[in-house]
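Count along the sequence shown from 1, then add 3; that gives the number in my numbering.
The beta-carbon is built from N, C-alpha and C at its ideal position, and this holds for glycine as well.
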Amino acid sequence: MPYFIRLVTFTEKGISDPSLSKSRSEEFKKEADNLGIKILAEYATLGRYDIVTIIEAPDIDTVVKLSMEQGKKGRTRVETLTAVPINEFEKIIS
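Here it is, written out as structure tokens:
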């Protein structure tokens, strides 16, 4: 399955009540799991992005669906990168 990196920033709505962060994270994990998306790692970060999540998903369509469902809530903005493991990348370019 392909890998993706989600770079998340909170909107004003998303940061307005930090006490809800844990329940929102659990909600995200449940939605991802229901779509067959595996969360490999998740980090809170300082700087341009608030959360960085590394996921494994069946395909790009599934990732788009998750991003749209999350986006409708208005709490985050997400930039998603396709990630290729370096050993696969090296095979492709050789």
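Taking one C-beta from the region 66-77 and one from the region 50-57 each time, how about it: are there three or more such pairs within less than 8 Å?
no
Terminal residues of the alpha helix (DSSP H) in which R9 lies
Taking the first residue of the sequence shown as position 1, residue 9 is located at position 6. Taken as a continuous stretch (DSSP letters only), R9 belongs to no alpha helix (DSSP H), being part of the beta strand (DSSP E) at Y6 to F13.
Spell out the partners DSSP gives K41 in its beta bridges.
Taking the first residue of the sequence shown as position 1, residue 41 is located at position 38. Bridge partners of K41: E59.
Distance, D20 Cα to S26 Cα
Position 23 of the sequence shown, counted from the first residue, corresponds to residue 26. Position 17 of the sequence shown, counted from the first residue, corresponds to residue 20. Roughly 11 Å separates the two Cα atoms.
Taking the alpha carbon of T79 as the reference point, which residue from P5, I95 and G17 has its own alpha carbon closest?
To locate residue 79, count along the sequence shown from 1; it is residue 76. Put simply, of P5, I95 and G17 the residue whose alpha carbon is nearest the alpha carbon of T79 is G17.
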